[in-house]
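Basically the working numbering = 1-based index in the sequence shown + 1. Backbone N, C-alpha and C define an ideal beta-carbon position, used for all residues, glycine too. As the structure is a prediction and not an experimental result, all values here were calculated from the model.
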Amino acid sequence: MRSPLLTKVLALALLASTVGTAAAKVPVTGRRQFNLIPDALMRQLGESSYKSTLADVKLSTGNENSQAIKSVGQAIAKAANQKSYDWEFKLIQENDTINAWCMPGGKIAVYTGLLPVVKNEAGLAFVMGHEVGHATAHHGAERLSQQLAVLGGMGALYLYLDNKSEMSNEQKAIVVAAMGAGAQVGVILPFSRLHEKEADVIGMMYMAKAGYPPGESVDVWDRMAQASGGSGVPAFLSTHPSEDKRQENLKDWMPQAKKRYERNKLSRNTQTTQWTSADFGGSSGGGGRKNNDDSSSGSGGASSGGTRR
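In C-alpha cells:
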C-alpha cells in the first residue's frame with residue numbers, strides 16, 4: 002500500500018509537470034523558457050553554493066591575473082545590465098582545472114588552469130560572458146524546472162502502474178527506470194546542450210557589447226578542443242555540444258555580434274596579451290602574465306570603450 006506521504010510527494014511533482022511555461026524570454030535569443038523557480042530563490046541558492054565552494058578552494062588574489070578577472074568581469078557585467086545582481090569575481094588557484102562558473106545572482110569564478118586556454122583578454126571575455134549568459138538566461142532555474150517536470154511525469158506513471166495488479170513490482174520498477182533513462186536522453190540532456198549553445202551566443206554578444214572582438218569566441222573553442230584532446234562521447238549524449246557544433250552556432254550569430262562590436266570596440270588590442278602554460282608551472286600559480294604588446298594596458302576592459310548598446 003502506498004503511504005500518504007508518498008502520495009503527497011507524487012501529487013506535488015505531478016502538479017509541477019502540469020504548470021504552464023513562464024512568460025519570460027531568454028536574453029538575445031528570445032526563446033521562451035519553462036521556468037517554475039523564482040529568481041529570488043535561485044539567488045539565495047547561488048549565494049549559499051558560492052560560499053560553500055569558496056570555503057574549499059584556494060583563491061589567487063592581489064596580482065595581475067586576479068585584477069584581469071575583475072576588470073573583464075566588470076565589463077561583461079556592465080554589458081549584461083542586471084541591476085539586481087551582486088557581482089563578485091574570483092580567481093581560483095587550480096592550475097590543472099580548466100573551468101569557470103557563474104552562480105545565480107552574479108558570483109563568478111575562473112580557475113587558473115583556464116587562462117592558458119583562453120590565451121588573451123578577449124578569450125577571457127568570451128568565457129566569462131558565456132558563464133554570465135547561463136545566469137542571465139536563468140538556465141539553472143530552467144534546468145531545475147525540467148527535473149521537477151520529469152519527476153512529475155514519473156510520478157504520474159507510478160500512480161498509473163500502482164493500479165495495474167497484473168504487473169509484478171519488479172516489472173513496474175523496470176518501466177519507471179526505463180522512463181527515467183528516456184527522459185534523461187530525450188528531455189534533460191538536449192536542453193543542457195541547448196543551454197550551452199545559448200550561453201555561447203549570449204556570451205559572444207556580451208563580449209562584443211563590452212568592446213571585445215567576437216571572432217575570438219570561435220578561436221577559444223579551437224583551443225578548448227586541443228586542450229580536451231577529445232572525450233570520445235557522442236555529441237547527442239554529451240551535455241556539452243562538440244566544439245565544431247558550437248563554432249557553427251557562433252558563426253551563425255557572428256554578423257549581429259560584429260555590429261555590436263563596431264559600436265563599442267576598445268581602442269587597444271585585447272588579443273595580444275597572452276597567458277601560457279609556462280606562466281603557471283610554479284607553486285605560486287596565478288601571478289604574472291605575458292604581455293606581447295607594450296601598448297596593451299592588460300586589464301582596463303571595464304573602463305574603456307564607448308556607449309554600451
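Residue i: first and last residue of the uninterrupted beta strand (DSSP E) it sits in
{"i": "Y112", "result": "K108 to Y112"}
{"i": "W102", "result": "A101 to M104"}
{"i": "N89", "result": "At residue 89 the sequence reads Glu, which differs from the Asn that was named. That run of the beta strand (DSSP E) goes E89 to I93."}
Nearest residue (CA-CA) to residue i, options the options
{"i": "E244", "options": "V221, L145, A101 and I70", "result": "V221"}
{"i": "K79", "options": "F281, A211, A150 and F127", "result": "A211"}
{"i": "Q83", "options": "A69, I99, A101 and G106", "result": "G106"}
{"i": "A69", "options": "F90, T54 and V58", "result": "F90"}
{"i": "F127", "options": "Y207, R269 and T54", "result": "Y207"}
{"i": "Y51", "options": "A150, W88 and A142", "result": "W88"}
{"i": "E48", "options": "M104, D253, G230 and L125", "result": "M104"}
{"i": "S1", "options": "R144, Q45, Y262 and E65", "result": "Outside the shown range of the chain, which is 2 to 310, sits residue 1, and nothing can be said about it."}
{"i": "S85", "options": "M225, A136 and L251", "result": "A136"}
{"i": "T98", "options": "M225, L267 and R261", "result": "M225"}
{"i": "P215", "options": "Q148, K259, G230 and S268", "result": "K259"}
{"i": "W276", "options": "G230, L125, Q45 and L46", "result": "L125"}
{"i": "T30", "options": "H196, D223 and S53", "result": "H196"}
{"i": "S311", "options": "L267, A228, R269 and T54", "result": "Residue 311 cannot be examined here, being either before or after the span of the chain that is shown, 2 to 310."}
Residue interval of the alpha helix (DSSP H) (run including residue i)
{"i": "K252", "result": "E244 to N265"}
{"i": "P215", "result": "From DSSP, P215 is part of no alpha helix (DSSP H); its letter is neither H nor E."}
{"i": "I38", "result": "Element bounds for I38: n/a, residue is neither H nor E."}
{"i": "L115", "result": "Note, L115: premise wrong, no alpha helix (DSSP H); not H, not E."}
{"i": "K79", "result": "E65 to A81"}
{"i": "T137", "result": "E122 to T137"}
Cutoff 6 Å; reference residue i; Cβ partners in own chain excluding five residues on either side
{"i": "T271", "result": "E122, A123 and Y213"}
{"i": "F281", "result": "N96 and T113"}
{"i": "S67", "result": "S61 and L92"}
{"i": "D57", "result": "none"}
{"i": "G204", "result": "F127, G130, H131 and G134"}
{"i": "V111", "result": "I70, L92 and A101"}
{"i": "S53", "result": "none"}
Per-residue burial, residue i [other beta carbons within 10 Å of its own, 16 or more giving buried]
{"i": "G114", "result": "buried"}
{"i": "R33", "result": "exposed"}
{"i": "P256", "result": "exposed"}
{"i": "K108", "result": "buried"}
{"i": "S146", "result": "buried"}
{"i": "G63", "result": "exposed"}
{"i": "G141", "result": "buried"}
{"i": "E217", "result": "buried"}
{"i": "A1", "result": "Given a span of 2 to 310 for the chain in the structure shown, any question on residue 1 remains unanswerable."}
Residues of its chain near residue i, where Cβ-Cβ distance is below 8 Å and the 5 sequence neighbours each way are ignored
{"i": "A25", "result": "R33, Q34, N36 and H139"}
{"i": "D223", "result": "E244 and Q248"}
Cut-off 7 Å between Cβ atoms - residues of its own chain near residue i, not counting five sequence neighbours on either side
{"i": "V219", "result": "Q248, L251 and K252"}
{"i": "G183", "result": "For G183, the predicted model reports a pLDDT of 45, less than 50, meaning its position is unreliable; a value from the coordinates is still stated below. So the list is empty, once near-sequence residues are dropped."}
{"i": "P28", "result": "T137, A138 and I203"}
{"i": "W254", "result": "V202 and M205"}
Any non-hydrogen atom of the ligand GTP within 6 Å of residue i CB
{"i": "G134", "result": "Looking for the ligand GTP in the displayed structure turns up nothing, as the structure carries no ligands at all."}
Contact between the segment 73 to 83 and the segment 33 to 45 (3+ Cβ pairs under 8 Å): no
Contact the segment 106 to 119 vs the segment 244 to 262: 3+ CB pairs below 8 Å: no
At least 3 beta-carbon pairs within less than 8 Å: the segment 127 to 134 vs the segment 195 to 204: yes
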